[in-house]
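As structure tokens, the structure follows; a few thoughts come after it.
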Amino acid sequence: MTPKARPESVTRRLYRAAACLLAACLAGLPLTSAAFCPGPVSVQVLGSGGPIANNSRASSGYLLWIDGSARLLVDAGGGSFARFGNSNAAITDLDAIALTHFHADHSVELPAYLKSAWFTSRERPLPIVGPSGNKAFPGLSLFMQRLVGKDGGAFQYLSGYLTGGEGFFKTPLYETDADGREPREILKTPHFSLYAVGVTHGPVPALGYLVETDGLRIAFSGDQNGDNPAFGKMIAGADLLVMDHAIPENADRVAANLHARPGEIARLAESAGVQRLLLSHLMPRSERVLSESLTLITKRYQGRLTVAEDLMCVPPGSGGD
Ligand SMILES: [Zn+2]
């Protein structure tokens with residue numbers, strides 16, 4: 001195995017930030033989004049797309065920035081890891097990773113984040129939160145065993161993350177009951193508290209999250225059809241709801257069992273009194289009719305509405321950025 005890197009110097013960090021800005025320039029990405037998110041609290045979109053490859057949207061991933069440091073990663077879909085590099089976030093700053101469910105477009109790059117972390121100075125544990133399983137999907141513990149387990153894990157050379165030691169920091173697993181219909185506090189870190197509740201995403205065990213930090217409440221829907229009233233209760237008065245918008249209003253029953261229609265998104269955001277709604281997880285079928293969907297949503301939801309783009313920084317609340 002490669003020798004472990006020494007902690008990064010200040011000069012090296014500055015050099016890396018400059019290189020990041022230059023890379024963003026060359027890639028045509030907006031410079032304002034290519035580095036740290038400003039302000040006390042902000043959500044940065046790492047991936048605003050769904051499972052279909054797209055030239056401007058990676059699959060799901062979000063960073064919660066608090067006072068200039070990325071403290072929480074929500075989901076690790078395809079392409080989010082590269083966007084994490086664009087964001088100039090440091091994996092050593094993360095207090096936790098929270099996965100909403102184990103569809104590939106939300107979880108496939110977790111090993112890439114773990115491998116990357118090995119080359120940092122991080123020693124403190126990095127908790128990982130995720131749903132329990134069913135017959136069709138593994139729960140978080142089995143998912144991690146199959147990924148990095150010592151006996152037969154696909155990336156068993158990273159098995160030290162499950163136990164700690166041998167140059168690895170530990171990744172304590174917080175497998176959370178996806179059938180539970182009452183919100184629970186899962187984690188309390190020095191920077192935020194994380195709550196979760198099971199949500200309906202067709203046959204897939206899935207969680208919706210709420211983060212409380214510095215008096216602000218920030219919610220992540222994950223993929224869900226919006227039918228669990230406990231999610232709406234949990235996020236009541238949220239300053240920001242990051243909501244998947246994957247289907248049009250006329251979607252068929254199968255799709256609408258997996259995802260919330262625009263009308264359902266509007267109902268959820270309005271009834272929960274959400275201050276700012278960020279629509280993400282866009283797919284061709286939802287993006288094609290986006291203006292009609294936005295018209296429909298704003299008929300009912302009067303708060304601030306934003307459509308996600310990769311690397312966008314989104315402060316909570318209804319005021320200006
Ligand atoms: Zn999904």
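Numbering of the sequence shown is given in the working numbering, commencing with residue 1 and proceeding in unit increments.
Backbone N, C-alpha and C define an ideal beta-carbon position, used for all residues, glycine too.
This structure is a prediction, so every number in the text was calculated from the model and none was measured.
Answer yes or no: do A206 and P131 have a C-beta to C-beta separation smaller than 7 Å?
yes
Quick check on the DSSP output: the alpha helix (DSSP H) that includes F231 runs from which residue to which?
F231 -> alpha helix (DSSP H) spans 229 to 234.
Could you tell me whether the Cβ atoms of A53 and I91 are closer together than 7 Å?
Contact: no.
D179 to P111, Cα distance in whole Å?
26 Å
So, with DSSP's three-state summary, where would you put E287?
helix
Among E166, G165, R181, Y161, which one has its Cα closest to the Cα of P172?
That would be Y161, whose Cα lies nearest to the Cα of P172.
Whose beta carbon lies closer than 5 Å to any heavy atom of ligand 1, going through the chain in order?
That gives H103, D223.
On the premise that S60 lies in contact with G77, defined as a C-beta separation below 8 Å, what is that separation, rounded to the nearest angstrom?
4 Å
Roughly how far, in whole angstroms, is the beta-carbon of D244 from the beta-carbon of S280, given that I think they are within contact range, below 8 Å?
6 Å
I need the straight-line Cα distance from L277 to V74, nearest angstrom please.
17 Å
Quick one: Cα of Y157 to Cα of Y113, how far?
14 Å
What residue from V242, Q145, E166 has the CA that sits closest to E175's CA?
Q145
Examine the Cβ distances between the segment 284 to 297 and the segment 310 to 319 and report whether three or more of them are shorter than 8 Å.
no
At the level of alpha carbons, what is the spacing between A266 and S293?
Rounded to whole angstroms, A266 to S293 spans 10 Å at the Cα level.
Across the segment 82 to 100 and the segment 127 to 143, are there enough close Cβ pairs to call them in contact, namely three or more that are closer than 8 Å?
Under the 8 Å Cβ criterion, the segment 82 to 100 counts as touching the segment 127 to 143, having at least three qualifying pairs.
With DSSP run on the structure shown, which of helix, strand or coil describes S107?
helix
What does DSSP give as the partner residue(s) for F220 in the beta ladder?
Y209, V242
So, at 8 Å on beta carbons, what are the nonlocal neighbours of L296 in its own chain, with the 5 sequence-adjacent residues on each side left out?
Result list for L296: E249, P262, G263, A266, in chain order.
Take the Cβ of N225 as the centre, count every other Cβ of all protein chains shown within 10 Å, and call the residue buried at 16 or more, exposed below.
N225 comes out buried.
Nearest chain D C-beta to E123 closer than 7 Å, yes or no?
As a matter of chain content, chain D is missing from the structure shown, which is built from one protein chain.
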